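Enquirer: Structure below; questions to follow.
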Amino acid sequence: MSDLPNLDQVAWLDIVLMLTVILSLGLGLVRGLLREVLSLGSWIVSGWLAFLYGDNLAAVLTPWLESAKLSLLISIVVVFLITLVSLSLAGSLTLKLFRVSGLTGLDRSLGGGFGLMRGIVIITIVLFAAEFTPAPEKAWFRASSIVPFFQAPLTWLKFGVGQRISTGFFPGAVPGLDSDQGQ
1235 MSDLPNLDQV AWLDIVLMLT VILSLGLGLV RGLLREVLSL GSWIVSGWLA
1285 FLYGDNLAAV LTPWLESAKL SLLISIVVVF LITLVSLSLA GSLTLKLFRV
1335 SGLTGLDRSL GGGFGLMRGI VIITIVLFAA EFTPAPEKAW FRASSIVPFF
1385 QAPLTWLKFG VGQRISTGFF PGAVPGLDSD QGQ
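Per the working numbering, the very first residue in the sequence shown carries number 1235; after that it's consecutive.
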């Protein structure tokens, strides 16, 4: 029993990170794998389609809004929301059909595993975003005993995604976007 750390020795960041995983795990158990996968898939497909087709809608909106940046932002949001609502409705119908099958216990168990993985991914993304702030230099951040476990994926993200952020994801996607500095 003396091997357990005293609560005074646990960094508050570690508590927040553990709560993130526990909440995600619990949500996965309650919602089940099918609902979690359909929900995540809806968000991913919505984001993908928004960035894929947002510039097409932006080209149509730019003459009315007179700002390429604003038209791109509005276009991405509109495509994202329309796709997300449509896929959510389709997912609800799929879930109603699945409930009749009687596999809800297995679905919830697998949902817990999914929730655990989602919690880990959320922590990785938050820690990646923190790399662009002064947080890693702070004592409370360095006191964490959980953060070092995420160094390998963080290094991969820094050199993969970090480069895309610094060069821009879609250079030249919308004509006039780069010259739209003042608006």
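For every residue, glycine included, the Cβ atom is placed at its ideal position computed from N, Cα and C.
Bear in mind the structure is a predicted one, so any value in this text is a computation, not a measurement.
Whose CA, out of V1279, S1379, F1383, lies closest to the CA of V1319?
Expert: Here residue 1319 refers to the residue found at position 85 when the sequence shown is read from its first residue. It is V1279.
Enquirer: Out of F1314, L1263, N1290, D1248, which one is the CA nearest neighbour of L1351?
Expert: Stepping through the sequence shown from its first residue, residue 1351 is reached at position 117. Looking at the sequence shown, residue 1351 is not Leu but Met. It is L1263 whose Cα lies nearest to the Cα of M1351.
Enquirer: What does the Cβ neighbour count give for R1376, buried or exposed, with the cut at 16 atoms within 10 Å?
Expert: As a working note, residue 1376 is residue 142 in the sequence shown. So R1376 ends up on the exposed side.
Enquirer: Taking DSSP as the reference, what is the three-state secondary structure of D1414?
Expert: Locating residue 1414 in the sequence shown gives position 180, where the first residue counts as 1. In this prediction, D1414 has a pLDDT of 45, which is less than 50 and means its spatial position is unreliable; nothing more can be read from the coordinates.
Enquirer: Going residue by residue through the region 1324-1352, where are the continuous beta strand (DSSP E) segments of at least 3 residues, counting only ones entirely within it?
Expert: Correct list: empty.
Enquirer: Mapping the DSSP letters down to three states, classify I1357 as helix, strand or coil.
Expert: Translated into positions along the sequence shown, residue 1357 becomes position 123. DSSP places I1357 in helix when its eight states are reduced to three.
Enquirer: In this structure, does DSSP put G1266 in helix, strand or coil?
Expert: Walking along the sequence shown from the start, residue 1266 turns up at place 32. If DSSP states are grouped into helix, strand and coil, G1266 belongs with coil.
Enquirer: Run through DSSP, which three-state label would A1369 get?
Expert: Taking the first residue of the sequence shown as position 1, residue 1369 is located at position 135. Looking at A1369 - three-state DSSP - the assignment turns out to be helix.
Enquirer: Are the CB atoms of L1261 and G1339 nearer to each other than 7 Å?
Expert: Your numbering for residue 1261 matches position 27 in the sequence shown. Your numbering for residue 1339 matches position 105 in the sequence shown. Not in contact: L1261 and G1339 (Cβ atoms no closer than 7 Å).
Enquirer: Would you kindly check if the distance between the Cβ of S1258 and the Cβ of G1353 is under 7 Å?
Expert: Residue 1353 sits at position 119 when you count from the first residue of the sequence shown. Residue 1258 sits at position 24 when you count from the first residue of the sequence shown. Yes; because the gap between Cβ atoms is below 7 Å, this pair is in contact.
Enquirer: Assuming contact is defined by CB atoms lying nearer than 7 Å, are S1309 and L1295 in contact in what I supplied?
Expert: What you label residue 1309 is simply residue 75 of the sequence shown in a count that begins at 1. What you label residue 1295 is simply residue 61 of the sequence shown in a count that begins at 1. Yes.
Enquirer: Write down the C-beta distance between L1267 and F1332 rounded to the nearest angstrom, noting that I regard them as a contact closer than 8 Å.
Expert: Your numbering for residue 1267 matches position 33 in the sequence shown. Your numbering for residue 1332 matches position 98 in the sequence shown. At roughly 10 Å, the Cβ-Cβ gap does not stay under 8 Å, so L1267 and F1332 are not in contact.
Enquirer: So, at 8 Å on beta carbons, what are the nonlocal neighbours of M1252 in its own chain, with the 5 sequence-adjacent residues on each side left out?
Expert: Position 18 of the sequence shown, counted from the first residue, corresponds to residue 1252. I1380.
Enquirer: Count the other CB atoms, across all protein chains shown, that sit within 10 Å of the CB of S1326; report buried if there are 16 or more and exposed otherwise.
Expert: To locate residue 1326, count along the sequence shown from 1; it is residue 92. S1326 should be labelled exposed.
Enquirer: Would S1273 and A1292 qualify as a contact pair, given that the criterion is a beta-carbon distance under 7 Å?
Expert: By one-based count along the sequence shown, residue 1273 stands at place 39. By one-based count along the sequence shown, residue 1292 stands at place 58. Not in contact: S1273 and A1292 (Cβ atoms no closer than 7 Å).
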